[in-house]
Every structure is written in structure tokens, then in C-alpha cells.
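The sequence shown begins at 47 in the working numbering and counts up by one.
Ideal placement from N, C-alpha and C gives every residue a C-beta, glycine not left out.
Take a look at the structure set out below.
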Amino acid sequence: MSLLLTGIGTLVTNDPEQGCGPLGLRRGAALVLDGERVAWVGEARTAPACDERVDLAGRTVLPGFVDSHAHLVFAGDRRAEFTARMAGRRYQAGGIAATVAATRAASEQVLRERARRLRAEMLRGGTTTVEVKSGYGLTVADEARSLTVAAEVGDEVTFLGAHVVPPEYAADRAGYLALVTGSMLDACAPLAGWVDVFCDRGAFDAAEAEAVLTAGAARGLGLRVHANQLGPGPGVQLAVRLGAASADHCTHLSDADVDALAGSGTVATLLPSAEFCTRSPYPDARRLLAAGCRLALATDCNPGTSYTTSMAFCVALAVREMGLSADEAVRAATLGGAWALRRADVGRLSPGARADLQVLDAPDHVHLAYRPGVDLVHAVWRAGRLAVGPRDG
Ligand code: NIG
Ligand code: FE
């Protein structure tokens, strides 16, 4: 089945060969979807014949958001902690234990329903690819079932057994490390494509994080690191040295950290909603771009530091709070996320790409930042299928 989308006011392709600038922008364009893929991009009057045709009446089309960092499998919430933080208390990694207790106490079916709801919310917000982590189970069985649920709702699945040391191992960190790198990884590696570690104050140090990452790599998992969120630290350099796909947060960086990222294949994934929700300083995105680093933007959706599924909100924050242009922010939220997941098939709209796209009720993509908090999504196609909308009017 082929579908011609015409009347596209602004088309963001993220492919410089398809249009102007890094976003590969086109005005008045048309797009042909064939099955799951984009088959053709060009002027409507030269479009090939198609089975169906939809006129988008001047709306904007851009690739679906690629949210490369989300923790969707958990129970309970931490609104009391949020309220205390807004009254002046500082965020600490220890709050994770509250979600671990709630997650362990929940049935797999409850975890599944909750994760599905968040995933549906993401799709309505224009997100067509999402990475989902475990990390609130922290026993072999609880991590394994979290990953089972993660694989049902996510496109990419990440084992985060090394989120924090759970309370029952408080007096035996080495014992928990042995568990994570041993029988927990044995059970979890077949269920995941990636391993992640929270390398920060109150979580894991450089040697511990390296042990987790190398054990994961030995089981064939790709590497990701929660790095330099709460303070300066070794996470970013470790991520680069081990060839991680992404160093996430990057809030507190030294010049050496920026240099290491710039010369590497490791993407700097910025999570500005975590800074917003913990009332913390934002990462210096301009310094990273000036050094030549590749940037991704993601939600970090989790109950502790960033309980949002909205990539549009992250784009708005990146523009208002981190000084990115709307072009840079939209690219980081789409193509950047694809880089961070080492996916060549998403994050762009050029022939051969997966037909993942969002249609905005707006004249162009700048409105994502210009109209913060407003739901602009008119329709979403995912893998060539209409997944959301079209909205009336
Ligand atoms: O990415 N930094 C570690 N993990 C989460 C926070 C998890 C939590 O507080 O529940 C994050 O911000
Ligand atoms: Fe996170």
C-alpha cells in the first residue's frame, strides 16, 4: 500500500540531500510512504501514482521523535519528594529506593499497564522510537520481568541493574556488584540490547561502573552511561574510553570531558527536563556543539527526576534554557536520538527510512519551542501506519 502525503507546508527531513541546511528543509513538499518505509520525497506535481492520498493543508511534517533515554517500568510515584524539592530540598540518588520498593511490590501486569500508558502518551506526543530501561527491580527476577515489560513497549531495551545499590546490599556493595555482573547479567543480557550504569555521587564509582560495562560488553550488549549528572565525575570519560554509544546527562563537564566527547563516537545526550524538575543548572549545550560534539535530547522519563513523556517540552527547554536554536533542538530530538541508539533507519525522512513521522498543526517546527506546553500533534504515522489522529479541524 502506498500513500502520498501532499500539502506539506514545511518538511523536515534531517537529510541535507533532500533540502536546505542540516535539517534538509523543504517547503510545499510531498512524501510517499510505501509499506513501512519512506519511498519518495519531492514536489507534489512530480509525485508517483499512489494508492491513497492525504492533503495536509500546509501543516508541518517532521520525523517522529527518537527518545533515547526513558525509565518507563516502575510503580508508584514520588510526588512528595518533588514537592519537598520545590520547597528547597536537593535531589539525591537515594530516592530511587522508594520506587524500587513500589516496583517490587507491583504485579507484572500492573507494571505492563503502567508502561503501556506512558508509551501511548509518548506516541500521542509524536515519539515513534523509545529506549526503555530496567533499573527499579534490582533483583534477578525483578530486573528480568522489568526487561520483559520494557521489550513489549520499547524499541530499544537497556539493562540498568546498576542504578543504585539496593537497601538489602547497603553493607555489601561488592556483593551487589558480583550479582549484577554475574547471575543478574546472565538472566538479563538475553532480554536487552544495551547495558547502562549510573556513574555518579550516591550511585557507582568509576571502577564499579567499568566492571558493569565490561561485563555487559562481554555478553554482547552495547554501552550507555548515566554520567556527570549530579557533579563532576569520571562517567563521561569512561563512556568515551569504552566506546559507549551515549553519555547521558553531561550536566557537569570539564574541558577534558568535552574534548573527549568531541573526538569520539559517543553522543552527548542531554536531558533538560531532569534539570527542570530538580531545579538544577542546565548542561552547557553550546559549549558541546562548539567543540563538535554530537547531541541528542531525550526525556529521561522517570518518577524521580523527570516525570514527563514530552519531547516537545524538552525541545522548548533546550531552546529557552540551553540556548539551542529550534533547528538544533529538533535535530537533537530526532536524528540525535537515532545516533545515540546507533539506528540509521529512524530520525530522518528520506527514501529507505522507516516511515515514522509527526504532523504538527503549525507552519513550521519552530512552533515546538515558540508554543511551549501546547499539544501541536495533528497526526502520527509509525512504520507507515497511522498511529495517532488525524485530529479534527
Ligand atoms: O536519569 N540518574 C539516574 N536515574 C534517573 C533518576 C532516577 C530516579 O530518581 O528515580 C535519572 O535522572
Ligand atoms: Fe535516567
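DSSP beta-bridge partners of residue i
{"i": "residue 60", "result": "For residue 60, which the question treats as bridged, DSSP gives no partner whatsoever."}
{"i": "residue 98", "result": "49"}
{"i": "residue 352", "result": "348"}
{"i": "residue 278", "result": "Beta-bridge pairing links residue 278 to no other residue."}
{"i": "residue 427", "result": "403 and 432"}
{"i": "residue 313", "result": "292"}
{"i": "residue 107", "result": "57 and 405"}
{"i": "residue 73", "result": "56"}
{"i": "residue 31", "result": "Residue 31 is absent from the model: the chain starts at 47 and stops at 439."}
Whole-angstrom C-beta distance between residue j and residue i, which should lie under 8 Å
{"i": "residue 121", "j": "residue 148", "result": "4 Å"}
{"i": "residue 116", "j": "residue 178", "result": "6 Å"}
{"i": "residue 286", "j": "residue 243", "result": "No, residue 286 and residue 243 are not in contact; Cβ-Cβ is about 14 Å, not under 8 Å."}
{"i": "residue 164", "j": "residue 118", "result": "5 Å"}
{"i": "residue 282", "j": "residue 208", "result": "Going by Cβ atoms, the distance from residue 282 to residue 208 rounds to 17 Å, so no, they are not a contact pair."}
{"i": "residue 151", "j": "residue 213", "result": "Wrong, their Cβ atoms sit about 14 Å apart, outside the cutoff."}
{"i": "residue 350", "j": "residue 141", "result": "5 Å"}
{"i": "residue 334", "j": "residue 302", "result": "Contact doesn't hold; Cβ gap of about 13 Å is too wide."}
{"i": "residue 180", "j": "residue 189", "result": "5 Å"}
{"i": "residue 191", "j": "residue 183", "result": "7 Å"}
{"i": "residue 415", "j": "residue 365", "result": "4 Å"}
{"i": "residue 347", "j": "residue 128", "result": "Their Cβ separation, rounded to whole angstroms, is 14 Å, which puts residue 347 and residue 128 out of contact at 8 Å."}
{"i": "residue 69", "j": "residue 377", "result": "6 Å"}
{"i": "residue 427", "j": "residue 401", "result": "6 Å"}
{"i": "residue 352", "j": "residue 320", "result": "4 Å"}
{"i": "residue 84", "j": "residue 395", "result": "6 Å"}
{"i": "residue 387", "j": "residue 360", "result": "Going by Cβ atoms, the distance from residue 387 to residue 360 rounds to 16 Å, so no, they are not a contact pair."}
{"i": "residue 239", "j": "residue 202", "result": "6 Å"}
{"i": "residue 109", "j": "residue 58", "result": "7 Å"}
{"i": "residue 381", "j": "residue 331", "result": "Between residue 331 and residue 381 the Cβ distance is about 15 Å, and since that is not below 8 Å, they are no contact."}
Where the alpha helix (DSSP H) through residue i begins and ends
{"i": "residue 273", "result": "Note, residue 273: premise wrong, no alpha helix (DSSP H); beta strand (DSSP E) at 268 to 273."}
{"i": "residue 149", "result": "142 to 151"}
{"i": "residue 373", "result": "372 to 377"}
{"i": "residue 322", "result": "318 to 324"}
{"i": "residue 307", "result": "301 to 308"}
{"i": "residue 82", "result": "Per DSSP, residue 82 belongs to no alpha helix (DSSP H) and is neither H nor E."}
{"i": "residue 258", "result": "252 to 264"}
{"i": "residue 282", "result": "281 to 287"}
{"i": "residue 476", "result": "Lying outside 47 to 439, the shown extent of the chain, residue 476 is not represented and no answer is given."}
{"i": "residue 129", "result": "125 to 132"}
{"i": "residue 292", "result": "Where residue 292 is concerned, there is no enclosing alpha helix (DSSP H), although the beta strand (DSSP E) it sits in stretches over 292 to 295."}
{"i": "residue 91", "result": "No alpha helix (DSSP H) holds residue 91; DSSP gives it neither H nor E."}
{"i": "residue 364", "result": "357 to 368"}
{"i": "residue 156", "result": "154 to 170"}
{"i": "residue 217", "result": "Counting along the chain, residue 217 falls outside any alpha helix (DSSP H), and DSSP gives it neither H nor E."}
{"i": "residue 383", "result": "383 to 386"}
{"i": "residue 438", "result": "Counting along the chain, residue 438 falls outside any alpha helix (DSSP H), and DSSP gives it neither H nor E."}
{"i": "residue 396", "result": "First-last for residue 396: undefined, no H or E at that position."}
{"i": "residue 421", "result": "Neither: residue 421 is in no alpha helix (DSSP H) and is coded neither H nor E."}
{"i": "residue 192", "result": "186 to 199"}
{"i": "residue 237", "result": "Where residue 237 is concerned, there is no enclosing alpha helix (DSSP H), given that its DSSP letter is neither H nor E."}
Spatially closest choice to residue i from the options, by CA coordinates
{"i": "residue 89", "options": "65, 263 and 123", "result": "65"}
{"i": "residue 279", "options": "298, 268 and 293", "result": "298"}
{"i": "residue 357", "options": "317, 181 and 187", "result": "317"}
{"i": "residue 339", "options": "412, 296, 428 and 347", "result": "296"}
{"i": "residue 38", "options": "76, 235 and 222", "result": "No answer is possible for residue 38: it lies beyond the span of the chain, which begins at 47 and ends at 439."}
{"i": "residue 154", "options": "168, 169 and 196", "result": "196"}
{"i": "residue 341", "options": "308, 170 and 425", "result": "308"}
{"i": "residue 52", "options": "72, 200 and 263", "result": "72"}
{"i": "residue 81", "options": "216, 437, 432 and 293", "result": "432"}
{"i": "residue 252", "options": "267, 288, 232 and 230", "result": "288"}
{"i": "residue 262", "options": "83, 226, 379 and 198", "result": "226"}
{"i": "residue 268", "options": "274, 293, 187 and 246", "result": "293"}
{"i": "residue 273", "options": "247, 310, 202 and 265", "result": "247"}
{"i": "residue 384", "options": "112, 330, 91 and 187", "result": "112"}
{"i": "residue 94", "options": "49, 125, 343 and 429", "result": "49"}
{"i": "residue 215", "options": "106, 185 and 134", "result": "185"}
{"i": "residue 421", "options": "137, 173 and 326", "result": "173"}
{"i": "residue 255", "options": "210, 237 and 232", "result": "210"}
{"i": "residue 438", "options": "360, 424 and 412", "result": "424"}
{"i": "residue 413", "options": "87, 96 and 105", "result": "105"}
{"i": "residue 206", "options": "241, 222 and 176", "result": "241"}
{"i": "residue 99", "options": "110, 83 and 76", "result": "76"}
{"i": "residue 198", "options": "326, 159 and 354", "result": "159"}
{"i": "residue 260", "options": "329, 305 and 284", "result": "284"}
{"i": "residue 429", "options": "78, 57 and 337", "result": "78"}
{"i": "residue 441", "options": "135, 419, 355 and 372", "result": "In this structure the chain extends from 47 to 439, so residue 441 is not present and cannot be described."}
CB contact check: residue i to chain B, cutoff 8 Å
{"i": "residue 100", "result": "The structure shown has no chain B; it contains just one protein chain."}
Start-to-end residues for the beta strand (DSSP E) that takes in residue i
{"i": "residue 207", "result": "202 to 208"}
{"i": "residue 177", "result": "173 to 179"}
{"i": "residue 113", "result": "111 to 113"}
{"i": "residue 242", "result": "240 to 245"}
{"i": "residue 343", "result": "341 to 343"}
Considering only heavy atoms of ligand 4, list every residue whose Cβ is less than 6 Å from one of them, following chain order.
-> No copy of ligand 4 appears in this structure; the ligands present are ligand 1 and ligand 2.
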